[in-house]
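In terms of my numbering, the sequence shown opens at residue 22 and continues consecutively. By construction, the Cβ of each residue, glycine as well, lies at the ideal position given by its N, Cα and C atoms. All values reported here derive from a predicted model rather than from experimental measurement.
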Amino acid sequence: MSKRARQDSAGPFLSRLNAADILDGQFERPGVFIEGRIYSMNHRKNQYTIDIRPNPKAKAVNLEVVIEDKLQRRLGELFVGDHLRISLQGAHILPYTGSPSHLPIILRYREGITVLLMSRAGLQGEKEKLFSVWPAASEYSILASAGYNHLFVQRPVKPKREGKH
């Protein structure tokens, strides 16, 4: 039997936002998230274009997500085609002027990020894997782990201190 991440009312993914919600500034509520597939990425900038359209038949709606280097290293590799849920907790909202198919904002994560890998195509075939990269003392690290199997939560590892001999 495989272990799966549970989703319940205590988890970090309570309310999915669509493009209009984001533009209306509704990202301040607890438990809000975006869901979509990675459409493209720029590895040098840790920048991802996420297609957050509500269903596959809808017109593409792209959102730029930038993850700081220190978080990206701990988060691990994300691939084009990955289906993700990304919590908006801790996101900094910046203006974006680009393609008309993009929302006019960028989500930038500096202090921490919580991502649920819903599915990954290809040989990896991973799904429902939670990544929560926050400082140990952060209130968000506690929120992110609520309602999920602790085996799916990636927490910071404190370096071992060598004892005095």
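*For Ile43, the first and last residue of its enclosing alpha helix (DSSP H)*: Run containing Ile43: Ala40 to Leu44, per the alpha helix (DSSP H) assignment.
_Helix, strand or coil at Gln110 [DSSP, three-state]_ = Per DSSP, reduced to three states, the secondary structure at Gln110 is coil, with no helix or strand assignment.
_Residues in the same chain with beta-carbon distance under 6 Å from Ala165, minus the five sequence neighbours each way, listed in chain order, please._
Summary for Ala165: the model assigns pLDDT 45, below 50, so the residue's position carries little reliability, and this model does not support an answer.
*Buried or exposed: Leu128, going by 16 or more other Cβ atoms within 10 Å of its Cβ?*
Looking at its Cβ environment, which holds 16 or more other Cβ atoms inside 10 Å, Leu128 is buried.
_Candidates Phe48, Leu99, Ile43 and Pro156, of which the one nearest Arg131 by Cα_ = Answer by Cα proximity: Pro156.
*Cβ-based burial, Phe100 [other Cβ within 10 Å; buried from 16]*: In this structure Phe100 is exposed. Its beta-carbon is surrounded by fewer than 16 other beta-carbon atoms within 10 angstroms.
*Answer yes if the stretch 61 to 70 comes into contact with the stretch 43 to 52, meaning at least three C-beta pairs across the two stretches below 8 Å, and no otherwise.*
Counting Cβ pairs under 8 Å, fewer than three are found: no touch.
*Alpha carbon to alpha carbon, what distance is there between Ile107 and Arg37?*
For Arg37 and Ile107, the distance between alpha carbons rounds to 10 Å.
*Output the boundary residues of the beta strand (DSSP E) element that contains Asp195.*
As shown, the chain starts at 22 and ends at 186. That puts residue 195 outside it, with no answer to give.
*Return the first residue and the last residue of the alpha helix (DSSP H) that Arg94 is part of.*
Asp90 to Leu96 is the span of the alpha helix (DSSP H), which, as asked, contains Arg94.
*Which of helix, strand or coil does DSSP assign to Glu85?*
Strand.
*Where Asn39 and Pro75 are concerned, what is the direct C-alpha to C-alpha distance, given to the nearest angstrom?*
In this structure, the straight-line span from the alpha carbon of Asn39 to that of Pro75 is close to 7 Å.
*asked:* Let's see if you can read the secondary structure: which residues bound the beta strand (DSSP E) around Pro125?
replied: His123 to Tyr130 is the span of the beta strand (DSSP E), which, as asked, contains Pro125.
*Can you tell me which of Asp42, Arg94 and Asn83 puts its alpha carbon nearest to the alpha carbon of Ser122?*
For the set Asp42, Arg94 and Asn83, the Cα lying nearest the Cα of Ser122 is the one of Asn83.
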